[in-house]
Amino acid sequence: MTAILAIDPGTDESGWCLYHDSGRLFASGVKPNDLLLQEIRETPADVLAIEMIASYGMPVGREVFETCVWIGRFTQVFRRPDDVLFVYRRDVKLHLCGSPQAKDPNIRQALLDRFPRTGGGKVPQVGVKKQPGPLFGVSTHAWSALGVAVTAAHQLAQKEVA
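Listed below in structure tokens is the structure:
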């Protein structure tokens, strides 16, 4: 049983989630990067998984480099920096959707399909305040972090089998 802290890094704030490899989401959100650094230092999670930047040969801007700096800072404050799992967006798309061409709505739907429809409202996996589902509160960049967490859990399970 492994707890995974997954991060979708950004220049100023990052999406995050605390996920259990049994398929349970404990918490998620979006935080300023400086506050997230402290959370990583103190996390009870067994694994830190961070979405990694990939190079496709195209010119990139300042934001990409700033995000890379934050990835490094997040990595260094984790209690076992050499064990941080870097998950590429392409791997998330392939694992969840079976295609590297998948878009964000496809990824979100694939994530929804993995969780029980126990909440109220139009999307029972998310639910509503009165009747929350297992993904209640997941929004914006936390969806990407959840994709990283689910993919990381799969990658870790594959390592155990090998």
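Counting in numbering that gives the first Met the number 0, the sequence shown tops out at residue 161, every number present. Glycine included, C-beta positions come from ideal geometry on N, C-alpha and C.
The stretch 56–63 makes no contact with the stretch 12–19: fewer than 3 CB pairs, one atom from each, lie closer than 8 Å. Nearest neighbour of I49 by Cα position, chosen from R40, S143, V160, turns out to be S143.
Put simply, the backbone Cα of I3 is about 8 Å away from that of A152. Secondary structure at L134: coil, using DSSP grouped into helix, strand and coil. Beta-bridge annotation (DSSP): G14 is paired with D7, V29. Between A26 and V46, the alpha-carbon positions lie close to 15 Å from each other. Our two residues, N32 and P8, have alpha carbons roughly 8 Å apart in a direct line.
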